[in-house]
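Reviewing the structure listed below.
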Amino acid sequence: MEWDDRAARRLSTRELRMFLAVAHSGSMAKAAKTLGTSQPAISKAIADMEHNLGVRLLDRSPQGVEPTQCGRALVRCGVAVFNELKQGINEIAFLSDPTAGEVRIGCPDAIAAGLVRIVVDRLVQKYPRATFHIETESLPRQLRERNVDLVINRMPGAFGQDEFDAEFLYHDAIAVVAGANSLWTRRRKVQLADLVNEPWVFAKPEGPLWSYVLKAFQASGLKAPRVAVTTNSYLARFSLLGTGRFLSVRSSLALAFQEEQRLIRALPIELPMTRGPVAIVTLKNRTLSPLARLFIEHTRAVVRSSVGRNERSSGVSISSPAPARASRRAR
569 MEWDDRAARR
579 LSTRELRMFL
589 AVAHSGSMAK
599 AAKTLGTSQP
609 AISKAIADME
619 HNLGVRLLDR
629 SPQGVEPTQC
639 GRALVRCGVA
649 VFNELKQGIN
659 EIAFLSDPTA
669 GEVRIGCPDA
679 IAAGLVRIVV
689 DRLVQKYPRA
699 TFHIETESLP
709 RQLRERNVDL
719 VINRMPGAFG
729 QDEFDAEFLY
739 HDAIAVVAGA
749 NSLWTRRRKV
759 QLADLVNEPW
769 VFAKPEGPLW
779 SYVLKAFQAS
789 GLKAPRVAVT
799 TNSYLARFSL
809 LGTGRFLSVR
819 SSLALAFQEE
829 QRLIRALPIE
839 LPMTRGPVAI
849 VTLKNRTLSP
859 LARLFIEHTR
869 AVVRSSVGRN
879 ERSSGVSISS
889 PAPARASRRA
899 R
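First residue of the sequence shown? That's 569 in this note's numbering, and the numbers climb one at a time after it.
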């Protein structure tokens, strides 16, 4: 008997689905209600799994149940199994009807409003029944939990190499921006020291863009700029910049992609130590849907065409190839 046959005899997808429901809810009664079955059926399935695998999967207590170390390993495996099955079904559906499909993208809102907007617009024209979901927060966690298929972002430490594959897209710098009607946009020369006491607006001070700005000011021997407003609302930040009284930062390429560039301008100043790689990040050993692969192909094409036009004026450049492993698997 092959190993796969033995594993299949030990564990069925029905049992695995029940186990995941219990692990997620922390209660066999809640899992039974979610799955529309009885609690005894759930209890028997879990007992059979533990017997067949020879390990305890759940710790029981008056407060409910929680996975053991072996149980947590099975949760990770089970999530991957059902995700791969879903991707396979999606691929079959896509092959039978290429106009349909679904892709979930994670990216900061600035990239969502620029690069991702352009790629989605192109794909919708070709595949009018395709569906796109865009998440803008908690990106490493969203990718790790398979809530998104891919992430487009700068490469912070949160994206560990052990879990993720990264395909380099371009190097980008961060630009200081103001409303087009701001007095700062009329000056030919601006220094960082001039901007320390101006009101700034950020998504949140602990965010990655703020850390880049803080390092840039510190490298120039300056104190941190004054953050007058923090808000996660992209529209609110854009509106405040439009008053001409606030400053903020944008990715150089994101600013070049956005239609808002008529209303928001980059100031003639370079922020030191803010240049960094932007990449497409995917979960290792995860099968991507056909539409997700098409999304990646179109993203490459848009970046190639746009970076060439903007690298002199916006500080954007392509300076290294994509890693071979990530590039091959994404195609």
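Quick reminder that beta carbons are idealized off the backbone N, C-alpha and C, glycines included.
These numbers were taken from a predicted model, which means no experiment stands behind them.
Close-in-space but distant-in-sequence residues of the same chain around residue i (CB under 8 Å, 5 per side omitted)
{"i": "A894", "result": "The predicted position of A894 is uncertain, since its pLDDT is 40 and thus under 50; a value taken from the coordinates is nonetheless stated next. Contacts found: D733, A734, E735, I848 and T850."}
{"i": "M723", "result": "A734, G844, P845, V846, A847 and V849"}
{"i": "A661", "result": "A668 and G669"}
{"i": "L588", "result": "V643, G646, V647 and F650"}
{"i": "L839", "result": "A741, I742, A743, V744, L760, Y780, V781, A784 and V817"}
{"i": "T798", "result": "V769, F770, A771, K772 and P773"}
{"i": "C638", "result": "L621, V623, R624 and L625"}
{"i": "R712", "result": "E731 and L851"}
Selected residue, minimal CA-CA separation from residue i, among the options
{"i": "S820", "options": "R582, V744, L663 and V671", "result": "V744"}
{"i": "D762", "options": "H739, V769 and S788", "result": "S788"}
{"i": "L823", "options": "G656, A784, A680 and P708", "result": "A680"}
{"i": "V692", "options": "G812, V871, F587 and A860", "result": "A860"}
{"i": "S902", "options": "Q655, N800 and A748", "result": "The chain is shown from 569 up to 899; residue 902 falls before or after that span and cannot be answered."}
{"i": "V870", "options": "R685, E766 and I610", "result": "R685"}
{"i": "V688", "options": "G812, D677, H701 and P676", "result": "H701"}
{"i": "V671", "options": "P630, D717, Q637 and S816", "result": "D717"}
{"i": "A796", "options": "V769, E659 and K601", "result": "V769"}
{"i": "N853", "options": "R813, E731 and V781", "result": "E731"}
{"i": "K772", "options": "Y802, I864 and A746", "result": "Y802"}
{"i": "P793", "options": "P767, I673 and R640", "result": "P767"}
{"i": "S595", "options": "V817, F825, C638 and I614", "result": "I614"}
{"i": "L862", "options": "R813, E659, R714 and A834", "result": "E659"}
{"i": "L751", "options": "A804, L809, M841 and Q631", "result": "L809"}
{"i": "S873", "options": "M841, L663, Y738 and N715", "result": "Y738"}
{"i": "K654", "options": "S857, T867 and Y695", "result": "S857"}
{"i": "G632", "options": "H619, R709, K598 and M586", "result": "K598"}
Delimiting residues of the alpha helix (DSSP H) encompassing residue i
{"i": "D762", "result": "L760 to L763"}
{"i": "V684", "result": "Note, V684: premise wrong, no alpha helix (DSSP H); not H, not E."}
{"i": "G551", "result": "The shown model of the chain, from 569 to 899, leaves out residue 551, and the question about it has no answer."}
{"i": "A834", "result": "Run containing A834: none in the alpha helix (DSSP H); it sits in the beta strand (DSSP E), I832 to A834."}
{"i": "S857", "result": "That residue, S857, is in no alpha helix (DSSP H); it is neither H nor E in DSSP."}
{"i": "R582", "result": "T581 to S593"}
{"i": "V781", "result": "P776 to A787"}
{"i": "L603", "result": "M596 to L603"}
{"i": "P608", "result": "Q607 to L621"}
Strand pairing of residue i, partner residues [DSSP]
{"i": "D740", "result": "G844"}
{"i": "D689", "result": "Per DSSP, none; premise fails for D689."}
{"i": "D733", "result": "T850"}
{"i": "T798", "result": "F770"}
{"i": "E703", "result": "G674"}
{"i": "A698", "result": "G669"}
{"i": "A746", "result": "L815 and R833"}
For residue i, the first and last residue of its enclosing beta strand (DSSP E)
{"i": "I673", "result": "A668 to G674"}
{"i": "W768", "result": "W768 to F770"}
{"i": "N721", "result": "L718 to R722"}
{"i": "D627", "result": "L626 to S629"}
{"i": "E634", "result": "G632 to P635"}
{"i": "S816", "result": "L815 to S819"}
C-beta contact flag for residue i and residue j at 8 Å
{"i": "C675", "j": "T704", "result": "yes"}
{"i": "L790", "j": "V764", "result": "yes"}
{"i": "A746", "j": "R833", "result": "yes"}
{"i": "L835", "j": "V719", "result": "no"}
{"i": "S611", "j": "T602", "result": "no"}
{"i": "A748", "j": "L831", "result": "yes"}
{"i": "R690", "j": "H866", "result": "yes"}
Cutoff 7 Å; reference residue i; Cβ partners in own chain excluding five residues on either side
{"i": "P635", "result": "A591, L625, L626 and V643"}
{"i": "S606", "result": "A600"}
{"i": "E583", "result": "A613, D616 and M617"}
{"i": "T753", "result": "A746, R833 and L835"}
Beta-carbon contacts of residue i that lie in its chain and below 6 Å, excluding the five residues immediately before and after
{"i": "F814", "result": "P767, V769 and L808"}
{"i": "E652", "result": "T855"}
{"i": "R896", "result": "Residue confidence for R896 is low, a pLDDT of 37 falling below 50, so the modelled location carries little weight; the figure read from the coordinates is stated next. Hits under 6 Å: none found."}
{"i": "I837", "result": "V744 and V758"}
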